[in-house]
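Here the sequence shown is numbered in my numbering, starting from 43 and rising by one per residue. Ideal Cβ positions, reconstructed from N, Cα and C, are used throughout, including at glycine.
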Amino acid sequence: MTDRIQHFANDGFTFPVTDAGPIDGQIVVLLHGFPQTSTSWDMVCERLHASGYRTLAFDQRGYAPTARPRGRFSYRISALVGDVAALLAAVGTPVHLVGHDWGAVVAWGTAARHPGLLRTLTAVSVPHSRAFLRSLVSSNQALKSYYMAMFQIPWLPESLLSRYPKLADRALRHSGMDAEALQRVHADIIGTGALRPAINWYRAIPFSSRAYLRKVSVPTTYLWSTSDVALGRRCAELCEQYVTGPFRFDVTDGSHWLPEEAPDLLHDLIVDRIKS
């Protein structure tokens with residue numbers, strides 16, 4: 043398509059879109075994770091533009107001020123994937139989809155449910171959901187994911203983190219997030235009222251559908267980092283079992299926050315997957 047996409051609508055909400063790069067380039071859609079916005083992809087997008095690719099990024103449901111429904115049910119995976127599918131319908135042609143953290147969960151779900159909308163998939167940090175679920179009972183992944191259980195408590199986590207932001211600072215620094223990214227969390231998430239809906243993504247996990255756990259046939263690259271405090275090796279190594287199409291598994295030494303920490307590596311992996 044030759045027109046810029048400034049926004050799209052789904053489920054009664056409007057999502058502003060950052061559409062940049064060569065207008066005639068192949069389209070790469072990038073999905074952010076928790077607790078960040080689409081700006082986490084800025085450095086990767088700059089590099090993709092220089093390589094001739096067009097990028098689309100948007101603040102997902104709960105993060106965008108114009109798409110912030112109440113209640114955890116509104117953040118179930120079918121709704122999150124539905125938002126992405128609505129954007130891809132506006133694009134009108136299959137795209138290369140990239141996701142980090144929760145954005146990877148949504149990307150895996152989109153590939154499972156709507157493979158015809160994608161040309162390739164690049165997932166960063168978080169593996170296929172079935173690999174993650176298996177690792178909970180076959181490794182120490184449940185201990186690494188303790189915060190997901192804490193987030194199920196109504197109201198309390200966001201109230202504590204908003205009132206005592208140093209709690210969030212301590213946890214995010216421990217995970218490897220740098221000072222600049224941490225400032226953006228305060229400005230874009232804690233300071234804007236996005237924290238509660240962002241945590242509601244975790245609270246909506248019990249409403250997940252098995253349709254989004256299907257194996258993925260789309261050509262896929264998955265990147266995992268050895269210093270990721272949230273995701274262990276077991277779930278990363280299981281991931282290949284849930285991809286029936288061409289699959290590449292890459293490992294790096296970085297932290298969980300790879301879009302900002304390793305933009306050159308991510309650019310190279312995305313482009314390699316596209317060209318393959």
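- prompt: So Leu98 packs on Val59, CB below 8 Å; how close in whole Å?
  reply: At roughly 6 Å, the Cβ-Cβ gap stays under 8 Å, so Leu98 and Val59 are in contact.
- prompt: Does the Cβ-Cβ distance between Val166 and Leu237 come in under 8 Å?
  reply: No.
message: Helix, strand or coil for Ser80? Go by DSSP, reduced to three states.
response: Helix, per DSSP.
message: At the level of alpha carbons, what is the spacing between Val313 and Phe193?
response: Each residue's Cα considered, the two are about 36 Å apart.
message: Quick check: Ala240 and Arg114, are their CB atoms within less than 8 Å of each other?
response: Taking the C-beta atoms as reference points, Arg114 is found no nearer than 8 Å to Ala240.
- request: Indicate the three-state DSSP secondary structure (helix, strand or coil) for Val271 in the structure shown.
  value: Residue state, collapsed to three classes: coil.
field: Same chain, Cβ closer than 6 Å to Arg96, neighbours up to 5 away in sequence not counted
entry: Hits under 6 Å: Gly63, Pro64, Gly67 and Ile69.
task: Inspect the beta-carbon positions of Cys277 and Pro169 and report whether they are closer than 8 Å.
output: For Cys277 and Pro169, yes; Cβs fall inside 8 Å.
- request: Just mark Gln78 as buried or exposed, buried being the case when its beta carbon has 16 or more other beta carbons within 10 Å.
  value: Gln78 comes out buried.
- prompt: From Gly141, Thr81, Arg161 and His49, pick the residue whose C-alpha is nearest to that of Glu222; which is it?
  reply: When only C-alpha atoms are compared, the closest one is Thr81.
- prompt: Thinking just about the alpha-carbon of each residue, which of Tyr105, Ala131 and Leu90 is nearest to the one in Ala229?
  reply: The alpha carbon of Ala229 has as its nearest neighbour, out of Tyr105, Ala131 and Leu90, the alpha carbon of Tyr105.
task: Give every residue of the same chain whose Cβ lies closer than 8 Å to the Cβ of Ser320, excluding the five residues on either side of it in the sequence, and list them in chain order.
output: The structure shown does not extend to residue 320, since the chain is modelled only from 43 to 318, so the question has no answer here.
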